Amino acid sequence: MDRRELLLGGGALFAVPAGVATATPRPGDGDGFPMPPAQRRLPARLPDPDPSRTLLELGWRFHEGDIPVAEPQGHHQTYLSVKAGNALGAAAIAYDDTDWDEVRLPHDWAAGQPFVETANVSQGYRPRGIGWYRRMLRLDPADRGKTIELHFDGIATNATIWVNGSIVAHNWSGYNSVHVDLTPFARFGDETNMIVVRVDANAKEGWWYEGAGLYRHAWLVRRAPVAIVSDGVHCDPRRAADGHWQVPVTATLASIESAAAVVTLEATLLDPAGRAIATGQAEVTVPTLDRAEAALVLDAGSPSLWSVEAPTLYTVRTRLLRDGVAVDERRIAIGFRSVRFDADKGLFVNGVPVKLKGVCLHQDHAGVGVAVPDALLGWRLERLKAMGCNAIRMSHNAPNAELLDWCDRMGFLVMDENRNFNPAPEYLAQLEWLVRRDRNHPSVILWSVFNEEPMQGTEAGVEMVRRMAAAVRRLDDSRPVTAAMNGSFYNPANVSTVVDVMGFNYYQADYDKFHRLNPTKPITSSEDTSAFETRGAFVTDSAGHVITSYDTEAASWGGTHRDTWKEIVARPFVAGGFVWTGFDYHGEPTPHDWPTISSFFGILDLCGFPKTAFDIHSAHWIDDRPVVAIAPHWTWPGREGQPIKVFVSSNAEMVELRLNGRVLGVQQVDRIMGNEWTVPYAPGRIEARAMRSGKMVAAAAHETAGPPVALRLTPARTVMAGDDEDAQPITIDAVDARGRHVPTANLKTVFAIEGGTILGAGNGDPNSHEPEQFVRQPGTRSLFNGLAQVIVRAGTGRGRIEVRATAEGLKGAMLVIDRADIAPRPQVPATPPAALQLRDWRRSPALAERPDPTLAPADGDNNSWDMVRSGQPTPAEARPGWRVYRTRVTPWKRVAAEGGVIAFEAIAGRAELWIDDARIAVKDSPATGPLRAQMAPMGGPRIVVLLVEAPAGQPSGILGPVAIATR
16 MDRRELLLGG GALFAVPAGV ATATPRPGDG DGFPMPPAQR RLPARLPDPD PSRTLLELGW
76 RFHEGDIPVA EPQGHHQTYL SVKAGNALGA AAIAYDDTDW DEVRLPHDWA AGQPFVETAN
136 VSQGYRPRGI GWYRRMLRLD PADRGKTIEL HFDGIATNAT IWVNGSIVAH NWSGYNSVHV
196 DLTPFARFGD ETNMIVVRVD ANAKEGWWYE GAGLYRHAWL VRRAPVAIVS DGVHCDPRRA
256 ADGHWQVPVT ATLASIESAA AVVTLEATLL DPAGRAIATG QAEVTVPTLD RAEAALVLDA
316 GSPSLWSVEA PTLYTVRTRL LRDGVAVDER RIAIGFRSVR FDADKGLFVN GVPVKLKGVC
376 LHQDHAGVGV AVPDALLGWR LERLKAMGCN AIRMSHNAPN AELLDWCDRM GFLVMDENRN
436 FNPAPEYLAQ LEWLVRRDRN HPSVILWSVF NEEPMQGTEA GVEMVRRMAA AVRRLDDSRP
496 VTAAMNGSFY NPANVSTVVD VMGFNYYQAD YDKFHRLNPT KPITSSEDTS AFETRGAFVT
556 DSAGHVITSY DTEAASWGGT HRDTWKEIVA RPFVAGGFVW TGFDYHGEPT PHDWPTISSF
616 FGILDLCGFP KTAFDIHSAH WIDDRPVVAI APHWTWPGRE GQPIKVFVSS NAEMVELRLN
676 GRVLGVQQVD RIMGNEWTVP YAPGRIEARA MRSGKMVAAA AHETAGPPVA LRLTPARTVM
736 AGDDEDAQPI TIDAVDARGR HVPTANLKTV FAIEGGTILG AGNGDPNSHE PEQFVRQPGT
796 RSLFNGLAQV IVRAGTGRGR IEVRATAEGL KGAMLVIDRA DIAPRPQVPA TPPAALQLRD
856 WRRSPALAER PDPTLAPADG DNNSWDMVRS GQPTPAEARP GWRVYRTRVT PWKRVAAEGG
916 VIAFEAIAGR AELWIDDARI AVKDSPATGP LRAQMAPMGG PRIVVLLVEA PAGQPSGILG
976 PVAIATR
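Using my numbering, you'd call the opening residue of the sequence shown number 16 and step up by one each time.
This is how it looks when you write it as structure tokens:
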């Protein structure tokens with residue numbers, strides 16, 4: 016038992032009103048509740064491979080909408096505006112952001128937008144627009160001399176990043192990480208840093224909901240001056256012909272030092288228990304302001320293999336030693352597994368045939384948009400694993416790294432896909448970043464360079480893929496390259512000729528022809544199905560944009576879930592398939608448009624509630640246990656005596672259907688197409704019994720529910736980590752007097768939380784325009800066909816999380832969840848902007864006489880007066896004299912309205928302080944000391960002038976910070 020288990024406590028308490036059943040529903044008991052019982056175990060936190068990183072997610076300020084930049088006034092202001100450190104407008108260091116919203120990352124601002132008919136249909140009718148983020152950052156003086164970076168794991172979509180008034184990065188994709196070398200721009204101690212990000216989410220890369228903002232993790236990285244670069248370790252295992260395993264380790268090192276440095280790379284292979292198996296070292300010289308590679312090979316012997324069924328992980332620990340002392344470290348999870356695609360027999364993993372039972376996924380979930388918490392990503396994969404899914408296609412972009420970490424640990428096979436089909440340098444760099452970041456993951460078995468590109472059947476397309484595939488192979492020679500094609504397979508020039516595995520998007524009628532014409536080319540379905548279902552609906556209402564869940568409707572280019580898998584499973588040469596899609600997602604509401612705001616394609620809906628397709632694929636894909644499921648529910652008041660189609664899916668041999676104990680028939684199971692009966696509706700209990708060798712091995716049942724009398728809250732887990740990050744979904748449903756799920760309830764619920772935070776809510780209804788996020792409690796959401804969901808994040812420390820839900824006319828419910836004492840991951844502390852810092856001054860030449868305080872350089876004279884910073888002493892001079900320090904500042908709004916205080920921490924010499932030609936303070940002593948003065952209210956720019964009389968032979972001027980604060 017690990018520490019996380021010891022801290023769990025007693026588990027959740029389900030408070031249900033008196034007179035209502037409290038038993039946890041189980042398959043076959045007739046409750047009809049479609050979600051699994053709550054888990055009582057807290058899952059292990061994903062390990063951080065890079066201890067030099069610290070989360071940078073608190074203390075951000077956000078402004079929705081663009082902020083125009085005023086035209087510079089005069090030649091001098093124009094001159095300065097194009098100089099390093101002198102960004103204008105909201106990118107300026109001193110810009111007043113005190114009235115901006117405080118937000119926490121990850122942050123998708125579009126997820127909180129209303130649905131607007133004039134907004135883009137593919138993006139889910141949510142306005143996206145432009146947004147600004149700002150964060151003040153204080154760096155400890157102890158960090159001086161280190162390599163310092165900013166990492167943004169994902170910004171939707173186009174971004175410009177400034178640090179201390181200088182542009183440090185542009186980025187043109189919402190799916191690649193942005194790494195910023197902060198080192199040359201960094202300031203330390205009381206001289207704070209300002210990070211600014213302008214995000215243009217009007218830019219689109221997809222035809223699905225892409226969100227808006229800093230929607231993945233952000234990090235501050237602090238490393239030794241000679242260190243391993245980000246994504247700089249390649250340690251993917253290799254199997255020799257004799258079955259022996261080795262781990263080639265290559266580390267890319269960089270140095271910011273002023274001289275070449277000799278360092279040693281040490282790599283150690285650790286088994287799943289943390290025991291060292293093999294260790295090696297390599298010495299290398301790293302040039303100054305350059306890179307070098309260190310390489311070695313670890314002998315792994317005969318390790319336990321990684322597979323879908325047993326995803327065994329080892330760890331490669333790489334340390335950089337300098338004079339025998341470790342100065343940098345990475346811990347990379349790896350798995351020992353072989354992958355081979357055969358043109359006739361499909362995919363082999365570790366020499367064993369494996370059919371890809373896969374789904375395509377977008378990063379999107381009800382209530383949170385694309386800012387999906389790490390724990391919720393893991394929960395979504397658990398839902399897929401529960402139906403026998405073994406493969407994920409990352410559609411159509413690089414996933415967040417944590418999703419691949421979960422895939423490694425849970426045993427999924429991954430097609431890792433590039434977003435932009437373009438071998439031009441900037442876009443090729445995105446592909447290369449993807450491969451460098453993900454090439455150590457055992458889950459990744461295929462690189463996909465594009466999805467459905469119109470140029471796929473042209474000479475230009477071929478040349479583009481050749482260059483992109485070559486870039487992949489330079490970085491990783493162990494995995495095949497594919498491209499998801501939707502036609503042009505037989506053109507004289509088409510990209511199937513230059514990829515390793517042919518990827519079919521749909522076109523199932525071409526499987527046999529292509530295989531016949533290209534008998535040595537491996538094939539997989541890279542995307543298939545595109546069937547439509549509305550969860551919980553069993554009659555299509557085209558006018559109401561509702562589609563039956565009987566698996567009878569699909570897009571013109573696709574097929575039903577059953578018909579599609581039938582074609583794939585019948586052909587050994589087709590490696591498998593990837594259903595479009597695993598979950599519903601916002602946007603792309605095909606075959607409808609407004610007011611529909613999300614898709615119908617998912618096997619599960621936006622909340623992860625299962626549709627009939629979930630049971631169909633469970634029968635298709637689960638081989639190690641018997642399954643049976645029955646559709647529809649059995650609550651149809653007013654339809655007594657009318658025929659109801661009953662659909663049963665199972666992987667057993669025979670299935671028997673019963674109504675109120677009476678046998679309606681026994682059929683041989685059709686595992687692919689399912690079994691059907693037409694049953695005159697009568698209230699009661701309908702039950703399907705699955706049998707093998709004449710014995711019942713599984714059962715499923717629905718009972719007719721009565722009117723709803725109470726709400727019920729069911730968590731995914733009965734315990735959460737008190738780390739201020741852990742998140743989970745909680746299902747809200749209504750129950751009748753006997754505690755049975757009411758599948759027809761569509762009533763409004765109201766909910767609130769203590770000990771945690773509500774991140775959002777949903778119900779899986781593609782036509783719902785209810786808000787998914789809430790500025791303050793309580794939140795509200797209607798049940799849709801019996802279900803709604805709340806996403807909650809735990810607070811900090813050991814304690815309780817209490818969630819309450821109410822509905823008019825029903826008894827409310829309360830859920831108590833244990834919050835375990837799990838330490839939060841380190842976060843860079845927020846640095847609140849307490850005062851406006853005056854950093855930059857113009858300093859006059861030395862003057863023998865006291866100058867007039869209006870003395871200033873002529874407009875356009877950028878050479879006669881020095882440009883100096885606060886805290887920078889003026890060197891001692893042989894004779895006494897005067898200098899003028901002059902700056903222009905716009906006080907923050909509150910100071911402008913109410914007045915404020917200007918404070919000089921340290922001035923050397925006698926001084927006079929003038930603002931707008933009025934003297935407001937005098938410092939009589941020549942000794943170094945502070946100066947403070949009141950500022951009158953006034954809006955707009957102010958001219959601040961400091962006259963300093965310096966004694967001979969002593970440094971003078973502004974020796975410390977200068978700030979304007981509220982009174």
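Glycine residues also receive a C-beta, built at the ideal position from the N, C-alpha and C atoms.
Owing to the predicted nature of the structure, the values given are computational and were not obtained by experimental measurement.
inquiry  = For Lys528, list the residues DSSP reports as bridge partners.
reply    = The partner list for Lys528 (beta bridge, DSSP) is empty, contrary to what the question assumes.
*asked:* On the CB-based measure, 16 or more other CB atoms within 10 Å of its CB, does Leu532 come out buried or exposed?
replied: By the neighbour-count criterion, in which a residue is buried when 16 or more other Cβ atoms sit within 10 angstroms of its Cβ, Leu532 is exposed.
- In terms of residues, what are the limits of the beta strand (DSSP E) holding Cys375? Its beta strand (DSSP E) spans residues 371-376.
Is the distance from the Cβ of Gln743 to the Cβ of Gly777 below 9 Å?
-> Going by beta carbons, Gln743 and Gly777 fall outside the 9 Å limit.
**OP:** Using 10 angstroms around the beta-carbon of Asp343, count the other beta-carbons present and answer buried if the total reaches 16, otherwise exposed.
**Re:** Flag for Asp343 reads buried.
Grab me the residues of Ala978's own chain with a C-beta within less than 6 Å of its C-beta, minus the 5 sequence neighbours each way, in chain order. Around Ala978, the same chain offers Ala850, Gln852, Ala918 as residues with beta carbons nearer than 6 Å, after the five sequence neighbours per side are excluded.
Once the 5 residues before and after Ile163 are set aside, which same chain residues still bring their CB inside 6 Å of it?
The residues are Leu197, Thr198, Ala201, Arg237.
Based on the DSSP output, what are the partners of Gly775 in its beta bridges? The partner list for Gly775 (beta bridge, DSSP) reads Ile806.
Looking only at its own chain, which residues have a Cβ that is under 7 Å from the Cβ of Pro42, when we skip the five neighbours before and after it?
The pLDDT assigned to Pro42 is 49, lower than 50, so where the model puts this residue is not dependable; a value taken from the coordinates is nonetheless given after this. Non-local C-beta neighbours of Pro42 in its own chain, meaning closer than 7 Å and more than five positions away in sequence, comprise Ala715, ordered along the chain.
Is Arg18 helix, strand or coil by DSSP? Its pLDDT being 39, under 50, Arg18 is placed unreliably by the model, and the measurement read from it follows with that caveat. Helix.
Q | Endpoints, the beta strand (DSSP E) within which Thr497 is located | A | Boundaries of the beta strand (DSSP E) around Thr497: 496-500.
Local conformation of Phe629 per DSSP, three classes: Correct three-state label for Phe629: helix.
| message | My output table needs one value for Pro156: the three-state DSSP class, helix, strand or coil. | response | Three-state result, Pro156: helix.
Check your understanding: Within this structure, are the beta carbons of Lys826 and Thr795 separated by less than 9 Å?
Key -> Cβ atoms of Lys826 and Thr795: not closer than 9 Å.
For the alpha helix (DSSP H) containing Trp580, name the first residue and the last one.
576-584 is the extent of the alpha helix (DSSP H) around Trp580.
**OP:** Since I believe Leu313 is in contact with Ala242 (beta carbons under 8 Å), could you give me their beta-carbon distance rounded to a whole number of angstroms?
**Re:** 21 Å between Cβ atoms; not a contact.
**Prompt:** Name the DSSP bridge partner or partners of Arg213?
**Reply:** Arg213 is bridged to Trp147, Thr175.
Using a 10 Å radius around the Cβ and a threshold of 16 neighbouring Cβ atoms, would you call Ile182 buried or exposed? Ile182 should be labelled exposed.
Exercise for the section: Return the residue from the list Pro388, Gly617, Leu428 that minimises the CA-CA distance to Lys372. Expected result: That would be Leu428, whose Cα lies nearest to the Cα of Lys372.
* Please determine, among Asn433, Met479, Ala416, the residue with the shortest C-alpha to C-alpha distance to Ala439. => Ranking Asn433, Met479, Ala416 by CA distance to the CA of Ala439 puts Met479 first.
| Residues in its own chain within less than 6 Å of Ser319 by CB, not counting five upstream and five downstream? | Contacts found: Thr327.
Self-check item: Contact belief for Asn761 with His560 at Cβ below 8 Å, rounded distance in angstroms
Solution: About 15 Å separates the two Cβ atoms, so there is no contact after all.
Lys626 classed as buried or exposed, judged by whether at least 16 other C-beta atoms fall within 10 angstroms: Label assigned to Lys626: buried.
### Query
Ordered along the chain, which non-local residues of its own chain (more than five positions away) have a Cβ less than 7 Å from that of Pro730?
So the list reads Ala27, Ala53, Gln743, Ile745, Leu830, Ile832, once near-sequence residues are dropped.
query = Rounded to the nearest angstrom, how far is the Cβ of Val899 from that of Ser859, given a contact under 8 Å?
reply = Indeed, because the Cβ distance is near 4 Å, the residues count as touching under 8 Å.
Whose C-beta lies closer than 6 Å to the C-beta of Leu103 among residues of the same chain, with five residues either side of it excluded?
Within the same chain, Leu103 has close Cβ partners Val84, Ser96.
Checklist line | C-alpha distance - His717 paired with Val661, whole-angstrom precision | finding: Taking C-alpha positions only, His717 is separated from Val661 by approximately 11 Å.
Open item on the list: Quick check: the stretch 355-365 against the stretch 373-382, are at least 3 beta-carbon pairs closer than 8 Å?
Closed with: Not touching, per the Cβ criterion.
Short of 7 Å in beta carbon distance, which residues of its chain neighbour Ala36, apart from the five on each side in sequence? Order them along the chain. Because the pLDDT at Ala36 is just 40, under 50, the model does not fix this residue reliably, and the point stays unresolved.
Check your understanding: With distances taken between CB atoms, is the gap from Ala508 to Asn466 smaller than 9 Å?
Key -> Not in contact: Ala508 and Asn466 (Cβ atoms no closer than 9 Å).
If you draw a straight line from the alpha carbon of Pro722 to that of Glu702, how long is it in whole angstroms?
Straight-line spacing of the CA atoms in Pro722 and Glu702 works out to 21 Å.
DSSP three-state call for Gln523: helix, strand or coil? It is helical.
### Query
Helix, strand or coil for Leu928 per DSSP?
Strand, per DSSP.
How do the stretch 613-627 and the stretch 591-600 stand: do at least 3 beta-carbon pairs fall below 8 Å, yes or no?
Result yes; three or more Cβ-Cβ pairs closer than 8 Å.
- Message: Counting C-beta neighbours from all protein chains within 10 Å, is the total for Leu120 16 or more, i.e. buried, or is it exposed?
- Response: With 16 or more other Cβ atoms from the protein chains shown falling within 10 Å of its own Cβ, Leu120 counts as buried.
ask   = Are the stretch 480-492 and the stretch 382-402 touching, with three or more C-beta to C-beta distances below 8 Å?
value = Because the criterion of three Cβ pairs below 8 Å is not met, the stretch 480-492 and the stretch 382-402 do not touch.
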